[in-house]
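Student:
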Amino acid sequence: MELDIGYHWLSLFSTIFKNDLTACGSILSPDLLSWSVCTDDVSGSSAEYPDRVFMMEGRLQAQEDEIMLLKSSLADALRRLRLHDQLIPLLKQVPLALTRPVQSLSLEDALPEGMSLTEEAQAKFHHIQGLELEEKDEEGEEKDLSWASSVEEAIHPTAIRNLQRDDHQDPNGSTESLSSASQTPISGSPAPPKDLSASSRSGPLSTILEGKKKPLCVVATSTSLLHSYLISCLTLFFTLSHWLTGQSIKMFIRGRPITMYVPSNIQNYEDLRMEPPVEKLELDWVYGYRGRDCRANLYLLSSGEAVYFIACVVVLYHINNRTQRHYRKHTDCVRCLTIHPDKVRVASGQTAGVDKDGKPLQPYVHIWDSSTLITLQQIGLGTFERGVGSVAFSFADAGAFLCVIDDSNEHMLSVWDCAKGTKHTEVKSTNEAVFAVEFNPSDSTNIITCGKSHIYFWTLSAGSLTKKQGIFGKYKKPKFIQCFVFSLTGDVLTGDSEGNILTWGKSPGDVKTLGKGAKGNTFQIMRQTRAHDGSVFTLCMLQGGALLSGGGKDRKIIRWSADLAPERECEVKDFGAVRCITDVNGEELLVGTTRNAILRGTFSDGFVAIVQGHVDEMWGLATHPSQDVFLTCGHDRQVCVWNTAEHKLDWCTTLEEYGLCADFCPNGAVVSVGLSTGRWLVLDLQTKEVISDYTDGNEQLSVMRYSPDGSFLAVGSHDNFIYVYNVTECGRRYSRYGKCNGHSSFITHLDWSKDGKYIMSNSGDYEILYWDVAGGCKLLRNRYESKDREWASYTCVLGFHVMGVWLEGSDGTDINALCRSHSERVVAVADDFCKVHLFQYPCPKPKAPNHSYEGHGSHVTNVRFTHCDSHLLSMGGKDTCILQWEVKRAGTSDGGDRLHSASFTSSPEP
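Just so we're aligned: 677 in my numbering is position 614 of the sequence shown, and the numbers increase by one with no gaps anywhere.
#1: Please state whether DSSP places L843 in a helix, a strand or coil.
#2: Within 10 angstroms of its Cβ, does N384 collect 16 or more other Cβ (buried), or is it exposed?
#3: Helix or strand or just coil, what does DSSP make of V341?
#4: Nearest-angstrom Cα distance between L662 and S807?
#5: Where DSSP assigns a beta bridge to D646, which residues make up the other side?
#6: Mind checking whether R622 and L611 have CB atoms under 7 Å apart?
#7: Should G773 be flagged as near chain C, meaning a C-beta pair shorter than 7 Å?
#8: Whole angstroms are fine: how far does the CA of V704 sit from the CA of W714?
#9: Please classify S970 as buried or exposed, where buried requires at least 16 other C-beta atoms within 10 Å of its C-beta.
#10: Would you kindly work out how many angstroms separate the C-alpha atoms of C643 and T686, rounded to a whole number?
#11: Give the range of the beta strand (DSSP E) segment to which G722 is assigned.
#12: Please go through the same chain and pick out, in chain order, the residues whose beta-carbon is closer than 6 Å to the beta-carbon of Y916, but skip the five residues on each side of it.
#13: Please classify L556: is it buried, with 16 or more other beta-carbons within 10 angstroms of its beta-carbon, or exposed?
#14: Going by the beta-carbon positions, is the gap between L842 and G805 smaller than 7 Å?
#15: Pairs of beta-carbons, one from the segment 599 to 608 and one from the segment 623 to 642, closer than 8 Å: are there three or more?
#16: So for F638, helix, strand or coil by DSSP?
#17: DSSP state of Q126, grouped into three classes?
#18: If you check the beta carbons only, do E926 and A891 fall under 7 Å apart?
#19: Evaluate the contact criterion for the segment 721 to 738 versus the segment 773 to 792: three or more CB pairs, one atom per stretch, below 8 Å.
#20: Taking 7 Å as the threshold (C-beta atoms), are F502 and I510 in contact?
#21: Go ahead and pull the three-state DSSP assignment for R115.
#22: Could you tell me the distance, in whole angstroms, from the CA atom of D895 to the CA atom of T386?
#23: Taking the straight line between their C-alpha atoms, what separation do you get for A359 and L465?
#24: In whole angstroms, what is the alpha-carbon distance linking T488 and S524?
#25: Would you be able to state if there are at least three C-beta pairs under 8 Å between the segment 346 to 356 and the segment 905 to 913?
#26: Counting only the same chain and skipping the five closest in sequence on each side, list residues whose C-beta sits under 8 Å from that of G614.
#27: Here's a check: name, in chain order, each residue in its chain whose Cβ is nearer than 8 Å to the Cβ of I831, leaving out the five neighbours to either side.
#28: In this structure, how does DSSP classify A953 when only helix, strand and coil are distinguished?
#29: In the DSSP output, which residue or residues are listed as bridge partners for G939?
#30: What residues are listed by DSSP as bridge partners for T488?
#31: To the nearest angstrom, how far is the alpha carbon of Q749 from that of P688?
#32: Can you name, in chain order, every residue of its own chain whose Cβ lies under 7 Å from the Cβ of D460, other than the five neighbours on each side?
#33: Excluding five sequence neighbours on each side, which residues of the same chain lie with their C-beta closer than 8 Å to the C-beta of G741?
#34: Could you check if T657 is buried or exposed, using at least 16 other CB atoms within 10 Å of its CB as the buried criterion?
#35: Residues in the same chain with beta-carbon distance under 7 Å from V889, minus the five sequence neighbours each way, listed in chain order, please.
#36: Contact defined as beta carbons within less than 8 Å: I believe D726 pairs with N706. What is the distance between those atoms, to the nearest angstrom?
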């Protein structure tokens with residue numbers, strides 16, 4: 064920031080500070096005085112401060128935060144000072160007709176009641192040389208504009224009286240001080256000082272004289288009165304500068320003031336009334352599957368729908384009709400899933416999670432009807448800790464019971480009555496991780512659990528559970544028992560981390576062979592079969608007694624005969640390890656993989672992906688300017704192009720580094736992707752090849768944005784610069800045009816004006832700056848000039864038109880992204896609390912009502928409308944989920960008449 068302060072202002076501040084710093088403090092911005100430096104003595108004895116280093120580190124951190132506030136407040140004060148230098152020229156640009164009738168104002172309006180100036184003083188005030196500004200009119204002649212004449216044309220008298228300090232004598236002769244009606248005026252200017260000396264409150268103002276090019280010459284009866292008058296004048300200056308440049312609104316984020324100017328077309332900001340938008344969102348499609356860290360989460364229902372989950376949504380995908388339905392009653396990430404023996408009812412458990420205030424939410428299990436999506440029972444609310452890790456229905460009694468294992472340290476195992484929703488019994492399982500639980504299909508009193516270094520056989524009797532540990536005997540004990548199934552003969556088959564399939568049988572305990580723990584009937588290994596290189600992640604028993612196994616490291620699916628002889632095998636390429644296998648008809652299979660894909664196929668014909676998704680955190684999202692296509696990129700180094708109409712992945716490519724941002728060229732032929740190292744690539748959508756490769760700095764890029772006509776590309780970086788490129792040859796050739804230098808923190812968002820000449824940008828320290836690109840990427844220091852500029856897109860999270868999307872007390876990182884619709888009717892917001900919000904646009908008032916939508920299980924990193932505003936796309940971070948929302952209008956009304964008082968937030972049911 065350029066520190067351009069006129070000499071006369073430096074002189075004025077010098078005079079004030081020399082006389083009384085405390086008295087003049089209130090004339091500065093309240094933000095400048097909101098900081099304090101702790102000067103407490105920290106030199107106490109070692110006995111009093113046993114850990115001085117720790118205390119000093121804490122104090123240093125606190126002072127660094129205070130210095131940050133000081134810098135921002137000082138910057139605000141300097142902007143106010145510079146505003147004074149532009150005060151008179153701006154008078155010609157600002158319409159003089161305000162919302163209320165303007166009355167003429169003279170100097171007497173700024174003086175206390177009962178006090179007046181002599182005629183000589185009035186005449187001389189109108190010719191103070193230090194306040195004269197000279198301008199040349201259209202004919203070249205010079206015109207004198209005095210302070211007083213400027214005030215008379217534009218300022219309402221009450222604006223002065225509300226800010227002045229009235230000092231006068233009461234009828235009894237005692238001195239009485241009348242302060243302003245409010246110590247903190249709504250304009251943002253500070254209140255007058257409270258502690259002027261007695262001399263400053265005695266004696267009338269006698270004379271105002273001219274000076275020789277001095278900033279201000281006033282002769283008073285005492286030095287204190289001079290001091291008091293200087294304070295009043297400077298306070299008046301800050302108020303006038305605010306009034307004369309139009310209305311402005313100030314919001315605070317983490318103590319930093321952010322000033323936003325009200326556009327000229329809004330006559331009265333206070334009269335604006337907000338209401339939720341007419342448009343609403345309806346979940347249309349879910350991209351992705353959670354296979355990377357969850358087991359046994361893919362089943363086939365009797366309706367022909369595959370049921371699986373990702374984020375907070377359980378998806379029912381019809382594998383033949385290619386349609387989706389969604390169960391959306393979970394409040395946080397779904398972690399486990401099982402289906403009832405009737406293949407209609409489903410049980411799904413979720414993790415605990417936290418709310419927006421950081422308070423833990425209670426996990427639970429929902430039992431619901433897959434045909435109607437109606438919740439039948441809510442199990443275990445207030446019982447489970449951290450989350451639900453595994454669930455299983457009983458089979459022998461037609462699914463009367465549900466077994467649940469939570470994610471607490473003891474991994475509590477509980478059995479519930481499905482019809483009543485009551486707990487039957489509960490017991491501590493183990494302190495080790497538990498991967499799976501199942502009822503014996505022929506005996507509901509037998510339950511098996513497996514996990515890290517263990518397999519337990521539980522017996523339910525008289526309302527209590529007892530367990531016996533599986534004995535490995537002469538066989539090597541694997542680190543993990545990954546999965547198990549029941550054979551048709553009643554044996555238990557387990558797959559472990561050593562790549563073996565172990566056959567467990569029940570036999571009398573042999574102390575000599577099995578050790579001291581072998582008492583009574585025990586479960587021991589009857590046979591070991593070598594199956595895979597690496598872990599055996601899943602086992603699936605077919606109707607005829609054949610067995611399917613899925614490998615981790617070798618990525619193979621092997622079919623075994625009933626006596627565990629290998630029959631056929633197939634390798635699943637490019638989609639990761641096999642996580643889950645589901646039988647469709649004895650021949651056709653559904654396969655879930657660790658790279659979050661679901662495959663469909665046979666051993667003969669191979670497998671193709673019917674569901675795909677990212678496998679790591681996502682940030683980059685861009686929609687095509689004319690087609691139903693969007694692009695995503697993230698930390699998995701994948702760049703994926705999706706089709707919103709066909710609900711599928713068109714193509715995908717892998718980069719050397721991970722992508723964080725992207726934007727389509729307006730011609731739709733190429734797309735630019737910003738990477739984590741300062742590199743950015745240009746990809747051809749037809750050939751999928753990289754046609755350009757550039758590097759700007761060595762820090763990650765956060766935003767890519769083409770100008771509306773495609774002639775420029777702006778690249779926002781974490782090195783605090785915005786790099787601007789000329790674009791030629793239909794987006795295939797780029798040359799550096801300039802660099803926007805002025806932000807003091809990393810660039811977070813930017814937008815182009817509709818004429819393609821200006822850029823609005825946000826940074827990590829909550830700064831809003833404007834740039835004249837056509838003029839050489841120059842910083843526009845007078846932000847007031849940009850208040851009426853129209854923007855081709857609106858993705859900046861800070862700005863007057865979107866100020867209402869911020870909740871009270873936000874820390875500046877609560878909103879990750881927003882996007883205005885192309886119709887300029889609504890704005891979608893992605894927040895840090897797993898929600899997508901829909902506000903009306905513009906949204907300039909705090910606590911604006913909105914529609915709120917759940918579905919994501921992690922911070923929502925980005926949102927974008929499709930080219931025709933028919934759909935909204937939202938992208939989760941850690942949940943690797945992409946949600947496609949259909950934009951629906953509940954009614955028709957004129958967009959200009961939608962400002963109505965409302966203060967609610969709606970969350971429509973699925």
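Yeah, the Cβ is synthetic: ideal placement off N, Cα and C, and Gly gets one too.
Remember, predicted model here, so these are calculated numbers, not experimental data.
Tutor: Reading from the atomic positions:
#1: Taking the first residue of the sequence shown as position 1, residue 843 is located at position 780. Looking at L843 - three-state DSSP - the assignment turns out to be coil, as it is neither helix nor strand.
#2: The count along the sequence shown starts at 1 and reaches residue 384 at position 321. Exposed, by the Cβ-count rule.
#3: Within the sequence shown, numbered from 1, the residue matching residue 341 stands at position 278. Coil.
#4: Indexing the sequence shown from 1 puts residue 662 at position 599. Indexing the sequence shown from 1 puts residue 807 at position 744. So the two alpha carbons sit approximately 49 Å from each other.
#5: Locating residue 646 in the sequence shown gives position 583, counting from the first residue. For D646, which the question treats as bridged, DSSP gives the partners L652.
#6: Reading the sequence shown from its first residue, position 559 is the one you call residue 622. Reading the sequence shown from its first residue, position 548 is the one you call residue 611. Yes, the pair counts as a contact, with Cβ atoms nearer than the cut-off.
#7: You won't find chain C in this structure, because it holds only one protein chain.
#8: Locating residue 714 in the sequence shown gives position 651, counting from the first residue. Locating residue 704 in the sequence shown gives position 641, counting from the first residue. One C-alpha to the other measures close to 5 Å.
#9: Counting from 1 along the sequence shown, the entry for residue 970 is found at position 907. The predicted model places S970 with a pLDDT of 36, which falls under 50 and marks its position as unreliable; any figure quoted below should be read in that light. Its Cβ having fewer than 16 others within 10 Å, S970 is exposed.
#10: Sequence index remark: in the sequence shown, residue 643 carries index 580 (1-based). Sequence index remark: in the sequence shown, residue 686 carries index 623 (1-based). Rounded to the nearest angstrom, the two C-alpha atoms are 33 Å apart.
#11: On the sequence shown, position 659 is the one that residue 722 refers to. Run containing G722: 722 to 727, per the beta strand (DSSP E) assignment.
#12: Taking the sequence shown and counting its residues from 1, one reaches residue 916 at position 853. Contacts found: L344, V899.
#13: Numbered from 1 along the sequence shown, position 493 holds the residue referred to as residue 556. Buried, because 16 or more other Cβ atoms sit within 10 Å of the Cβ of L556.
#14: The count along the sequence shown starts at 1 and reaches residue 842 at position 779. The count along the sequence shown starts at 1 and reaches residue 805 at position 742. Contact: yes.
#15: yes
#16: Position 575 of the sequence shown holds residue 638. Of the three classes helix, strand and coil, the one that applies to F638 here is coil, per DSSP.
#17: Here residue 126 corresponds to residue number 63 of the sequence shown, with the count starting at 1. The answer is helix: DSSP assigns Q126 an H, G or I state.
#18: Numbered from 1 along the sequence shown, position 863 holds the residue referred to as residue 926. Numbered from 1 along the sequence shown, position 828 holds the residue referred to as residue 891. For the record, residue 926 in the displayed sequence is Val; it is not Glu. Yes, Cβ-Cβ distance for V926 and A891 is below 7 Å.
#19: yes
#20: Position 447 of the sequence shown, counting from 1, holds the residue named residue 510. Position 439 of the sequence shown, counting from 1, holds the residue named residue 502. Yes, these two residues count as a Cβ contact at 7 Å.
#21: The count along the sequence shown starts at 1 and reaches residue 115 at position 52. Helix, per DSSP.
#22: For this step, residue 895 is matched to residue 832 along the sequence shown. For this step, residue 386 is matched to residue 323 along the sequence shown. Approximately 30 Å between the Cα atoms of the pair.
#23: One-based indexing of the sequence shown puts residue 359 at position 296. One-based indexing of the sequence shown puts residue 465 at position 402. Using only the alpha carbons, I get a separation of about 16 Å.
#24: On the sequence shown, residue 488 is found 425 positions in, with the first residue counted as 1. On the sequence shown, residue 524 is found 461 positions in, with the first residue counted as 1. Answer to the nearest angstrom: the Cα atoms are 10 Å apart.
#25: no
#26: For the purposes of this step, residue 614 is taken as the residue at position 551 of the sequence shown. Taken in chain order, the residues that qualify are G562, A594, H595, D596, G597, S598, V599, F600, I620, I621, A640, V641.
#27: In the sequence shown, counting from the first residue as 1, residue 831 sits at position 768. For I831, where only same-chain residues beyond five positions count, the Cβ hits under 8 Å are I321, M323, M823, S824, N825, R846, C859, L861, G862.
#28: One-based indexing of the sequence shown puts residue 953 at position 890. If DSSP states are grouped into helix, strand and coil, A953 belongs with coil.
#29: The residue given as residue 939 occupies position 876 in the sequence shown. Answer is V923, bridged to G939.
#30: As a working mapping, residue 488 is identified with position 425 in the sequence shown. Per DSSP, V478.
#31: Counting from 1 along the sequence shown, the entry for residue 749 is found at position 686. Counting from 1 along the sequence shown, the entry for residue 688 is found at position 625. So the alpha carbons of these two residues sit roughly 15 Å apart.
#32: Position 397 of the sequence shown, counting from 1, holds the residue named residue 460. Excluding sequence neighbours, D460 sits near S507.
#33: Position 678 of the sequence shown, counted from the start, is the residue given in the question as residue 741. Excluding residues within five positions, the ones whose Cβ falls inside 8 Å are T758, D759, G760, N761, E762, Q763, L764, S780, D782.
#34: Counting from 1 along the sequence shown, the entry for residue 657 is found at position 594. With 16 or more other Cβ atoms within 10 Å, it is buried.
#35: As a working note, residue 889 is residue 826 in the sequence shown. Excluding positions up to five away in sequence, the list reads P340, E342, L901, F902, Q903, Y904.
#36: As a working note, residue 726 is residue 663 in the sequence shown. As a working note, residue 706 is residue 643 in the sequence shown. That pair is no contact at about 19 Å.
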